[in-house]
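Here the protein sequences line up with chains Z and C, keeping their order.
My numbering numbers the first residue of the first sequence as 27 and each following residue consecutively.
My numbering numbers the first residue of the second sequence as 27 and each following residue consecutively.
Here's the structure, in structure tokens; my notes come after.
Protein chains: 2
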Amino acid sequence: MTERSTRQKSAVLEVLREAERPLTPQEIRLRAARKARGVGIATVYRGLRRLVDKGEVLPVELPGAAPRYEVASHGHHHHFLCNECGRVFEVFGCPGGIDQLAPRGFEVSGHEVTLYGRCADCAARPAPRRGRRLKVAS
Amino acid sequence: MTERSTRQKSAVLEVLREAERPLTPQEIRLRAARKARGVGIATVYRGLRRLVDKGEVLPVELPGAAPRYEVASHGHHHHFLCNECGRVFEVFGCPGGIDQLAPRGFEVSGHEVTLYGRCADCAARPAPRRGRRLKVAS
DNA sequence: ATAGATGCAAAGAGTTTGCATAGGT
DNA sequence: ACCTATGCAAACTCTTTGCATCTAT
């Protein structure tokens, strides 16, 4: 009846609290496994769903990228996807007037903005070595 | 050696040219099957990839939704995803200054804006009947 | 001791690929 | 006739689910 506290569940939330950027389920499993031995991927997904339902965690769904998760205490913000290393970063600030772009008669309830490019780390590396390229932005 | 013209490939492009909104691969297959009998889903995916490579078609990748495809002649625009009927619409216009939101040191190469809410059709229906709800916007 | 949580493996959904065959050129 | 494109089914990836077992309460 009541929700139980387990080391796996605690580990998942702890990982997200300590994360410096939104993480994928696999990344979460890897980091959680270091805290509590044997955290299965199914448990990560179940834990994430419960945390999202409780509003403690938000899914970060980006165009053309696997969903990531972050704790829900960062206020309204958007995301930057690095085409070179695939990491996602938070972007604070939000251009005004976005919701007014909808055609007349449409009711806007929210919006998502995603920037693409190279993160500071990758941009600092002069020659982006030729190789497999990540998904390219529109 | 040369690319051949087949009725399936023509049907896929024709469907997208006539589409009033971005379509999913399954929607494309359904519509193409009416034009040329027996268009397999694999052929749709292969045709789409070639069209995207040639730049004739653009993938429309939305947060938390399956990718859709549209012909690449509509200029820079964004999209609106109806939470009620699940259809995607084009939104013209683009708020300025979006690219300036990135943290210093980040190189922005593109951006994507997605609006969520109810489309004009669904908003016109007064009582959104209670039932399964589509993915909710952030 | 009871009943919720976990882990594994199987099941699904969406997309890609291998291979024999159909069909442009 | 040659060789690309197709269709089917198998393979893959990501996520969810069934079930026996573990474990917090």
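Glycine included, every Cβ here is placed at the ideal spot set by N, Cα and C.
Item: CB contact below 8 angstroms: ILE124 (chain C) versus chain Z; Value: yes
Item: ALA92 (chain Z) versus GLU87 (chain C): straight-line alpha-carbon distance, rounded; Value: 11 angstroms
Item: Extent of the continuous alpha helix (DSSP H) to which GLU40 (chain Z) belongs; Value: 33-44
Item: Residues of its chain near HIS104 (chain Z), where Cβ-Cβ distance is below 6 angstroms and the 5 sequence neighbours each way are ignored; Value: VAL117, VAL139
Item: 6 angstroms Cβ shell around THR69 (chain Z) - same chain, five flanking residues per side excluded; Value: GLN34
Item: Nearest residue (CA-CA) to ALA150 (chain Z), options C:ARG130, C:ASP79, C:ARG75; Value: C:ARG130
Item: Other residues of its chain near CYS120 (chain Z): CB distance less than 8 angstroms, five sequence neighbours each side excluded; Value: HIS102, HIS103, HIS104, VAL139
Item: Selected residue, minimal CA-CA separation from ARG47 (chain Z), among Z:ILE67, Z:SER99, Z:LYS80; Value: Z:SER99
Item: Cα-Cα separation, VAL78 (chain C) to PRO85 (chain C); Value: 7 angstroms
Item: Complete beta strand (DSSP E) runs within the segment 84-150 of chain C (minimum length 3 residues, chain order); Value: 94-97, 103-108, 114-118, 133-144
Item: Contact set for ALA37 (chain C): own chain, Cβ-Cβ below 7 angstroms, skip 5 residues either direction; Value: ALA58, LYS61, ALA62, VAL65
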